[in-house]
Structure formats: structure tokens, C-alpha cells
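Report on one structure; see the data block that follows.
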Amino acid sequence: MKALARSVILPTAAGMLIALFVFGALPLPGIQAIGIVTHPNDIFAEIYQNARQSVVAISVATEEGGGGGSGFVIDGDGHIVTNAHVVDEAEEIVVEFLEGAIVRAELVGSDPSSDLAVIKVDVPAEQLAPIRLADSDNLTVGQTVLAIGSPFRQGWTLTSGIISAVDRTIQGLTEFSIGGVIQTDASINPGNSGGPLINLDGEVIGVNSQIISGARSSSGVGFAIPANLTRRVADALIEDGEMTYSYLGISGFDVNLSAIESLDLPNDFRGVVLREVVDDGPAADSGLREITRMLDLDDELVGLRADIITAVDETPIGGMNDLITYLARHTRPDEELILRVLRDGEMELEIPITLGSR
683 MKALARSVIL PTAAGMLIAL FVFGALPLPG IQAIGIVTHP NDIFAEIYQN
733 ARQSVVAISV ATEEGGGGGS GFVIDGDGHI VTNAHVVDEA EEIVVEFLEG
783 AIVRAELVGS DPSSDLAVIK VDVPAEQLAP IRLADSDNLT VGQTVLAIGS
833 PFRQGWTLTS GIISAVDRTI QGLTEFSIGG VIQTDASINP GNSGGPLINL
883 DGEVIGVNSQ IISGARSSSG VGFAIPANLT RRVADALIED GEMTYSYLGI
933 SGFDVNLSAI ESLDLPNDFR GVVLREVVDD GPAADSGLRE ITRMLDLDDE
983 LVGLRADIIT AVDETPIGGM NDLITYLARH TRPDEELILR VLRDGEMELE
1033 IPITLGSR
């Protein structure tokens, strides 16, 4: 018989009423099992007590003044992940730990394309508390998350919220976008940048990086760079001092109503329409074509010719976010891929392409 949960009100010795959650089958009038649910605040407190040891406050000095942000320890060698924009053009980087230790840090490497950076402190391993990076491919909209950082220089501040969306696309510090980004309503403000977004297992699922707000304060729309991309970038920065990305040599947009109507596509058709194919780039060398709009004598649109990427190596591509994320997460320069392309709404092609680098 299916187990159900219900709330039962029991009297206390003082005549007050207390609610307990009761778990068990309901046909019998008696209570078969009683479980007391831990209050979320207790869970948050426990996670915070453990995770805060890994979080640091970062201060930087530049020619134009100073600034700061947050970061977190990822190993026993003193490597700390933060945002690239936190340490950009820093002449001096100072790290403060929860217990009060203040030390200088050196820049290991910075990747403006992902807005991530790694710095390093010379601190004994026994004084460090590395925090684990989670698998950010297994996130669920609505799951509870916590953010720890130093908003407005208020160190080790804890805020909570949920994952509002996954697979968002945001602009990095370059012309290229960042895919697979986590959106959250946990309060994130200036100074939170570079701090961890944490799940209820106490693992980092993302690096808090951006907010949408006209007043530079939290509007309930914050973005975090996903942990899986963070792991790959951090490993590259530690090993090589830089992160090299695969390069396709295109700009594009998601299939929209205009493309569906002009190419007579099913209304649920998805993919990336090639807006521009860069001369002498990998896509151009493979024969991919950018969109051409056909106009009549009155300059009215009468049709389109376009290549639409629908899959990479058998992985479906639903839009630009999918393409950006796949290239950043799963490919390396000089690799050969097979692109599935719909040309002019009629011909389905499989086009081999050798990736460049950027």
C-alpha cells in the first residue's frame, strides 16, 4: 500500500499544540511511524559552518584604485578560484581567510572568455579547507542553493535561494558568450563575485559572476559559471597558465519564427542559423554558408537560404547555448567533428570540420 505523509497535532504538557509529520499507511487509525523533519535553517547552518572555511575575501590594488570580491579554495596547494574581473589588472592581490589570516596571492592565470581566474597563496596545506566541485550537469530548476561571499565588503555573508533556470547564456569579458550558465534568485551583490554557489551537499555548483540590475544591487536575477566549466578552466590555468578554446568561426542565432516560415520548417524545429561565416575560418573552410535573404523589387523578403546546425557528433543542438556549451565543455582545438546541417530547409548534410583555436 502506498505510503503517505500527513500532519498530526499533538497536545503538550503545557496545553500547547505541536505539529509532527507522520509517515506510514493510513488505513489504521493509529500512528505507525513518526519522523521529525529537520528545519531548513538547521541544514543551511550546517552547510555554512563547513563551507565558510573554504571561502576567502579578496582585495586588489590597481592603478585606478582598488576593488575586491570573493573566492574559494580548490586544493591543498593553495589554489583559489575567483572571477577574472575581480583580479583584472591587479597590481596586488590580498586574500583574507575566515580565521583572520591575511596573505598575499599571486595570479596563476586568468580567462576572460569564461570570466574565471585562479590565484595562489603560500599557506600550509593543513590550514586550507578545499571545497569540492559538483557535477553541474545534474542540476534541477527549483533546487535550493546557497551563496557565500563578501557583498559590499561584508565578509562571509550567507544568502539562499533556488536555481531559477539552467543553460542560460551570458556575455563574458570578450566578444564570446558563456553557455550553460546557472540563473539563481539567491541574493548576489558587488563583492559576491568569485564566491561559490553551493548545493545542499555542500558542493560548489557554480561561481557567482553577474547580476541583472540597474542599480548594481541584487534584483533576484544572478548568474553563476557552472562547476564543470570551472573545473576545466581551472585545470588548464593551473597546468598551462591559460585556457584555449575550440573555434568554429561563425556567429548565429536560434531558429525563430521567421526562419520557420521562410524555410517551411516544422514549428518545433530547432537549431542554430548561421548569421555569419568568418572568412578563412574552420566553418568557411568546410563549406558552411551564412544566411542569405532574398528580396523582391520592393525590398520585401521573399525567402531565405541558410545553413542550420542541428547536431554535433550526434549530439542534438537546440540553439546557440547548446553549441557554445558543447564546444567549451567537450572539444579541443584541432579536433575533427561532424556537423549535421540542414541547408536551405531541404538538404540534410553531414559536414566534417576541423576546429581552430582562440
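Each residue of the sequence shown is one higher than the last, beginning at 683 in our numbering.
Idealized CB from N, CA, C, for every residue including glycine.
Note that the coordinates shown come from a computational prediction; the quantities given were computed from them, not determined experimentally.
Residue i versus the options, residue with shortest Cα-Cα distance
i, options, result
"N910", "G748, L815, G843, R957", "L815"
"I729", "P878, L855, A783, A965", "P878"
"D946", "A988, D797, A906, G934", "A988"
"G904", "E924, I894, T912", "I894"
"P1034", "S968, Q809, N881", "S968"
"N723", "V777, L840, I756", "L840"
"R1022", "I999, I1006, T1007", "I999"
"E773", "T851, S842, G750", "G750"
"S681", "L780, T764, D770, E781", "Since the displayed the chain opens at 683 and closes at 1040, residue 681 lies outside it and no answer follows."
"D1004", "P872, L919, R850, L789", "R850"
"Q892", "D819, V959, P833, V803", "P833"
"A906", "Q853, S940, E1028, S944", "Q853"
"E778", "A727, L956, V959, W838", "W838"
"T1007", "E746, I784, S818", "S818"
"G902", "D922, S944, T866, G873", "T866"
"L1024", "L780, L956, V960, D962", "L956"
"D770", "L939, S940, D797, E1028", "D797"
"L780", "E746, V823, G831", "G831"
Span separating the alpha-carbon of residue i from that of residue j
i, j, result
"V994", "G862", "16 Å"
"I725", "V737", "18 Å"
"E996", "I860", "22 Å"
"Q825", "A868", "11 Å"
"T1036", "N890", "33 Å"
"A829", "L1031", "45 Å"
"I740", "T1013", "32 Å"
"V915", "E885", "18 Å"
"I691", "R734", "Legend: pLDDT at I691 = 35, less than 50; position of this residue unreliable, value from coordinates given subsequently. Their Cα atoms are separated by approximately 38 Å."
"P711", "D883", "Any reading at P711 must be qualified, since the residue scores a pLDDT of 43, below 50, and its modelled position is unreliable; the value itself is stated next. Distance between the alpha carbons of P711 and D883 is about 37 Å."
"S752", "A743", "15 Å"
"K802", "I990", "44 Å"
"V768", "L970", "39 Å"
"A807", "R913", "20 Å"
"R975", "N949", "20 Å"
"L1019", "M925", "20 Å"
"G873", "G748", "12 Å"
"T992", "V776", "47 Å"
"E788", "A918", "16 Å"
"L986", "V960", "19 Å"
"V827", "P908", "13 Å"
"A785", "N881", "Reading off the sequence shown, one finds Val at residue 785, where the question assumed Ala. Approximately 29 Å between the Cα atoms of the pair."
"G953", "V823", "23 Å"
"S940", "G1027", "13 Å"
Neighbourhood of residue i by C-beta, 7 Å cutoff - its chain only, sequence neighbours within 5 removed
i, result
"L821", "I845, V848, I864, I887"
"F951", "V937, I942"
"I870", "A829, N890, I893, S900, G904"
Helix, strand or coil at residue i according to DSSP, with G and I counted as helix
i, result
"N765", "strand"
"Y929", "strand"
"P878", "strand"
"P948", "coil"
"P833", "helix"
"R1014", "coil"
"Q865", "strand"
"D961", "coil"
"F726", "helix"
"E788", "strand"
"I942", "helix"
"T1024", "As written in the sequence, residue 1024 is Leu, which differs from the Thr given in the question. Reduced to three states, the DSSP call for L1024 is strand."
"I887", "strand"
"E1032", "strand"
"S818", "helix"
"I999", "coil"
"L919", "helix"
"D759", "coil"
"T856", "coil"
Sequence-distant residues of its chain with Cβ nearer than 6 Å to residue i (five each side left out)
i, result
"S792", "A766, A799"
"G1001", "D936"
"Q836", "none"
"E958", "S933, E972"
"N732", "G884"
Same chain only: Cβ atoms within 8 Å of residue i, ignoring 5 sequence neighbours per side
i, result
"Y927", "S795, F858, L1009, A1010, P1015, S1039, R1040"
"P812", "S736, V755, I756, D757, G758"
"I920", "H761, V790, G791, V800"
"E1017", "S928, T1036, L1037"
"T856", "P794, S795"
"A783", "V805, Q809"
Validate contact between the stretch 931 to 946 and the stretch 954 to 968 using beta carbons, cut 8 Å, 3 pairs: The stretch 931 to 946, when compared against the stretch 954 to 968, does touch it at the 8 Å Cβ threshold.
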